[in-house]
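Residue numbers (this note's numbering), protein chains in the order written: chain F, 7 to 380; chain C, 7 to 380.
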């Protein structure tokens, strides 16, 4: 029987069963005890953890043990530029921001400006174009409110005199067989794409290299990026460093309710750069959980779990749990009309994006102080 | 039928037929006309070209046309550190030195300090150890007399913020199939070794990137390195740069007369760091072209082409053609005793190495001005 779903860094297919993904690859689901521990140590709990959007982990218990002993962790996250950032891309960064505030953690942000160049065939996606996108991504990220004293951003091609040396150490322990199995590569894949996973592994131990002693690392990521660290985790310990802890997010649903919003199809995702009108049009395309007719809807009510509008509120645009519950209830009871429901989401997104763009504009001259250069 | 010999960057097997190598891979043998042209434009002709040690080329005629039009070429060469430099390693560097003097060419020297780390299993060959060897290699190279104003040396891991970006552009056009076929890689080779050929391609167009317009490049190399450029030549033109011109050297023969002195077996090669006594012992192990008995030797004479002692004089240690002819004649006529013959070579090598080490010592503080850093 064919796999019912497939998730790797280059492909997400089928309807993802998040519990099965966790089981298949040995992730531990987040439990009440771990949530309580995060809340106690962090002083609060991010709504994405409460709502099980970040739903699984590796090594998190160990990392919190270390934290309690005074061995503070740093955070590694990143984004591979290929177009404007989407609202879905915000999920790991907002988690990272909360972790920075709650745990005082330093943040390393890798912007692999070679990854999509190597992986995509689009001739318009030159390294020069990606470099522009990379700077825009970096600006979008700092606009979320990262602490300039504790946040370092680096671009792979610019920072390669630090990264490449370490990537070579990783690469020595990874065969083509391994990446072929893990990522579905064939002999016709290019040798840059084949090597790339070594570059993505490096920031998971880079602070330990810099400091000359082991520093725990936490990586918040969406599950499609896990494959890189499945390949690299054993290598990292062979090199003498701690395995990174990982916190796993589900995907922001696509407009039609399938597993993942596509970042590369402009009609199927909301970009941080979208106008009010574009947002409104896109929200109007979202599947709701409502029944086919008003009669059925009155009788059975809607299903907020299936309703993409509800899910957008849940994932990103309604941090207040009580307000979210009211939105879900209205959907469930069938008391909200689809149009009104969608208008509320479009308004919330547009308000969010307006504020975001204002912050971004204000930070334009300040980006350079975040960038690490060799 | 199995191939009667095999040459790639990782393996030299069997007795190399240099003419067949040229035919198989489409090199053009150096002819009298080209030699005369080199002599006319360069004002002299290096003995390694006269003696057909550098015996074949690609694109050399085109490059000399460009030179005559005023479009001066630069030279790219290099060495991958894995131990002390050997006398065999001097061959491309001495040619490069002559080209720099004769044509006023700028020289780019790549020291890929990751290549042997990725290719060899020796646990003592750490990146740190290779870095020490790399500095020693660089010092050995500048001691040959390179012009500090026209010579740039760079180490891959240190200069990666320039090299990696360009290597990624190369890598995008090379599939695993291609390097698998060209270099005999298997699925069990590591992904760093698989990527590496992209890094070796970069200096062949790096000056064109720096200058913002195309600059012809000439690469003097021993034939085992050709495989990297066979893979990269088409890519380089796809990126919009000139194909590099290449000048091909034969291998310094091994002590037993087989094709290539092994750089990694200390009993089978002469290092620049060898003592007088070590040189003497090693020269004593060399095969001569002499007959099995004094009687046969008197009757038939020796064969200087088979005599490794004669070949060492020819390749490196007797630049004077008349003196070399006298050495060959004595061997041919059977008038030289093996002991005397070997003593003369050992003395010549020791004299050369003494002078080399003196120059090296004097340059110790001056290396840094040759090194390119990002």
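Just so it is clear, CB atoms sit at the ideal spot from N, CA and C, and this is done for glycine as well.
Quick caveat, the model's predicted, so the values are computed rather than measured.
Point to revise | Contact set between residue 158 of chain F and chain C, taken where Cβ atoms lie within less than 9 Å | key: In the first chain, residue 158 of chain F corresponds to position 152, counting from 1. Here the premise fails: no neighbours, minimum Cβ distance about 16 Å.
**Study point:** Closer than 8 Å to chain C by CB, residue 384 of chain F
**Key:** Any property of residue 384 of chain F remains undetermined from this structure, which presents chain F solely from 7 to 380.
**Study point:** Minimum Cβ-Cβ distance from residue 175 of chain F to chain C less than 8 Å
**Key:** As a working note, residue 175 of chain F is residue 169 in the first chain. Chain C contact via Cβ: present.
Review point. Touching or not, the segment 7–25 of chain C and the segment 254–267 of chain C, by the rule of three or more beta carbon pairs under 8 Å?
Key: yes
Check your understanding: For residue 381 of chain F, which three-state DSSP category applies?
Key -> This structure cannot speak to residue 381 of chain F, because chain F is shown only from 7 to 380.
**Study point:** Separation of residue 67 of chain C from residue 58 of chain C, as counted between CA atoms
**Key:** Start at 1 with the first residue of the second chain, and residue 58 of chain C comes out as number 52. Start at 1 with the first residue of the second chain, and residue 67 of chain C comes out as number 61. Cα-Cα distance, rounded: 17 Å.
Point to revise | Backbone secondary structure at residue 297 of chain F - three-state DSSP | key: For the purposes of this step, residue 297 of chain F is taken as the residue at position 291 of the first chain. In the structure shown, residue 297 of chain F sits in coil (DSSP, three-state: anything other than H, G, I, E or B).
Review point. What residue does the beta strand (DSSP E) around residue 391 of chain F start on, and which one ends it?
Key: Residue 391 of chain F lies beyond the stretch modelled for chain F, which goes from 7 to 380, so this question has no answer here.
Check your understanding: Is DSSP giving residue 23 of chain F helix, strand or coil here?
Key -> Within the first chain, numbered from 1, the residue matching residue 23 of chain F stands at position 17. Three-state result, residue 23 of chain F: coil.
Check your understanding: Who does residue 224 of chain F pair with in a DSSP beta bridge?
Key -> In the first chain, counting from the first residue as 1, residue 224 of chain F sits at position 218. Residue 224 of chain F pairs with F:81, F:251.
Review point. Looking only at its own chain, which residues have a Cβ that is under 8 Å from the Cβ of residue 80 of chain C, when we skip the five neighbours before and after it?
Key: Residue 80 of chain C sits at position 74 when you count from the first residue of the second chain. Excluding five sequence positions before and after residue 80 of chain C, the CB atoms of its chain that fall closer than 8 Å to its own CB belong to 111, 112, 113, 114, 213, 221, 222, 223, 224, given in chain order.
**Study point:** Outcome for residue 36 of chain F when other beta-carbon atoms lying within 10 angstroms are tallied against a minimum of 16
**Key:** As a working note, residue 36 of chain F is residue 30 in the first chain. So residue 36 of chain F ends up on the buried side.
Point to revise | From F:51, F:28, F:29, residue whose alpha carbon lies closest to that of residue 38 of chain F | key: Locating residue 38 of chain F in the first chain gives position 32, counting from the first residue. That would be F:51, whose Cα lies nearest to the Cα of residue 38 of chain F.
Review point. Do the segment 335–349 of chain C and the segment 251–261 of chain C touch if we need at least three Cβ pairs shorter than 8 Å?
Key: The answer is no - the segment 251–261 of chain C does not touch the segment 335–349 of chain C, with fewer than three Cβ pairs under 8 Å.
Exercise for review: Please classify residue 165 of chain F: does DSSP put it in a helix, a strand, or coil?
Suggested key: Position 159 of the first chain holds residue 165 of chain F. Of the three classes helix, strand and coil, the one that applies to residue 165 of chain F here is coil, per DSSP.
Review point. Do residue 355 of chain F and residue 63 of chain F have their CB atoms nearer than 8 Å?
Key: In the first chain, residue 355 of chain F corresponds to position 349, counting from 1. In the first chain, residue 63 of chain F corresponds to position 57, counting from 1. Their beta carbons are not under 8 Å apart, which means residue 355 of chain F does not touch residue 63 of chain F by this criterion.
Point to revise | Enclosing alpha helix (DSSP H) for residue 215 of chain C [first to last residue] | key: On the second chain, residue 215 of chain C is found 209 positions in, with the first residue counted as 1. Start and end: 212–217.
Check your understanding: Could you give the uninterrupted runs of the beta strand (DSSP E) lying entirely in the segment 37–104 of chain F, keeping only those of 3 residues or more?
Key -> 60–64, 80–84
Review point. Can you tell me whether residue 374 of chain F is buried or exposed, with buried defined as 16 or more other CB within 10 angstroms of its CB?
Key: On the first chain, position 368 is the one that residue 374 of chain F refers to. By the 16-neighbour rule on beta-carbons within 10 angstroms, residue 374 of chain F is exposed.
Check your understanding: Does the Cβ-Cβ distance between residue 152 of chain F and residue 103 of chain F come in under 8 Å?
Key -> In the first chain, counting from the first residue as 1, residue 152 of chain F sits at position 146. In the first chain, counting from the first residue as 1, residue 103 of chain F sits at position 97. The answer is yes: Cβ separation under 8 Å.
Practice item. Just the C-alpha distance for residue 146 of chain F and residue 367 of chain C, rounded to the nearest angstrom, thanks. Key: For the purposes of this step, residue 146 of chain F is identified with residue 140 of the first chain, where counting begins at 1. For the purposes of this step, residue 367 of chain C is identified with residue 361 of the second chain, where counting begins at 1. C-alpha separation (whole angstroms): 54 Å.
Exercise for review: Starting from residue 204 of chain C, find everything on chain F with Cβ-Cβ shorter than 9 Å and list it in chain order.
Suggested key: Within the second chain, residue 204 of chain C is the residue found at index 198, counting from 1. Residues of chain F passing the Cβ test: 197, 198, 201.
Point to revise | CB contact below 8 Å: residue 180 of chain F versus chain C | key: Here residue 180 of chain F refers to the residue found at position 174 of the first chain. Interface residue, yes.
Practice item. Report the residue from C:314, C:289, C:173, C:270 whose alpha carbon sits nearest the alpha carbon of residue 123 of chain F. Key: As a position in the first chain, residue 123 of chain F is number 117, starting the count at 1. Nearest option by C-alpha distance: C:173.
Exercise for review: At 9 Å on the CB atoms, spell out the chain C contacts of residue 123 of chain F, in chain order.
Suggested key: Taking the first chain and counting its residues from 1, the one referred to as residue 123 of chain F is at position 117. Result: 174, 175, 178.
**Study point:** Close beta carbons around residue 98 of chain C, own chain, < 7 Å, minus the five adjacent residues each side
**Key:** Along the second chain, one-based indexing puts residue 98 of chain C at 92. Cβ neighbours of residue 98 of chain C beyond the five flanking positions: 83, 226, 227, 228, 255.
Check your understanding: What's the call for residue 7 of chain C, buried or exposed, on a 16-neighbour Cβ count within 10 Å?
Key -> Residue 7 of chain C sits at position 1 when you count from the first residue of the second chain. Unreliable positioning characterises residue 7 of chain C in this predicted model, as indicated by a pLDDT of 40, which lies under 50. A coordinate reading is not provided.
Exercise for review: Report yes or no: is there a C-beta of chain F within less than 8 Å of the C-beta of residue 255 of chain C?
Suggested key: Position 249 of the second chain, counted from the start, is the residue given in the question as residue 255 of chain C. So, not an interface residue.
Practice item. Return yes when the Cβ of residue 282 of chain C is within less than 8 Å of the Cβ of residue 149 of chain C, no when it is not. Key: Here residue 149 of chain C is taken as the residue at index 143 of the second chain, counted from 1. Here residue 282 of chain C is taken as the residue at index 276 of the second chain, counted from 1. The answer is no: Cβ separation not under 8 Å.
Check your understanding: Shorter than 8 Å from the beta carbon of residue 183 of chain C to some beta carbon of chain F?
Key -> Counted from its first residue, the second chain places residue 183 of chain C at position 177. Yes, because at least one Cβ of chain F sits closer than 8 Å to the Cβ of residue 183 of chain C.
Practice item. Could you say if the segment 229–240 of chain C and the segment 201–219 of chain F meet the contact criterion of at least three C-beta pairs nearer than 8 Å? Key: no
Exercise for review: Name, please, each residue of chain F whose Cβ falls closer than 7 Å to the Cβ of residue 186 of chain C.
Suggested key: Along the second chain, read from residue 1 onward, the residue named residue 186 of chain C stands at position 180. Within 7 Å Cβ-Cβ: 193.
Exercise for review: State the Cα-Cα distance for the pair residue 247 of chain F and residue 167 of chain F, rounded to the nearest angstrom.
Suggested key: Position 241 of the first chain, counted from the start, is the residue given in the question as residue 247 of chain F. Position 161 of the first chain, counted from the start, is the residue given in the question as residue 167 of chain F. If you take the alpha carbons of residue 247 of chain F and residue 167 of chain F, they lie about 20 Å apart.
Point to revise | chain D residues whose Cβ lies nearer than 7 Å to that of residue 266 of chain F | key: The chain inventory of the structure shown lacks chain D, comprising the protein chains F and C.
Exercise for review: Select from the segment 106–120 of chain F all residues with a C-beta closer than 9 Å to any C-beta belonging to chain C, and list them in chain order.
Suggested key: Flagged, chain order: 119, 120.
Point to revise | Residue closest to residue 215 of chain F, alpha-carbon to alpha-carbon, out of F:202, F:238, F:242 | key: If you number the first chain from 1, residue 215 of chain F lands on position 209. Checking every option, the nearest Cα to that of residue 215 of chain F belongs to F:242.
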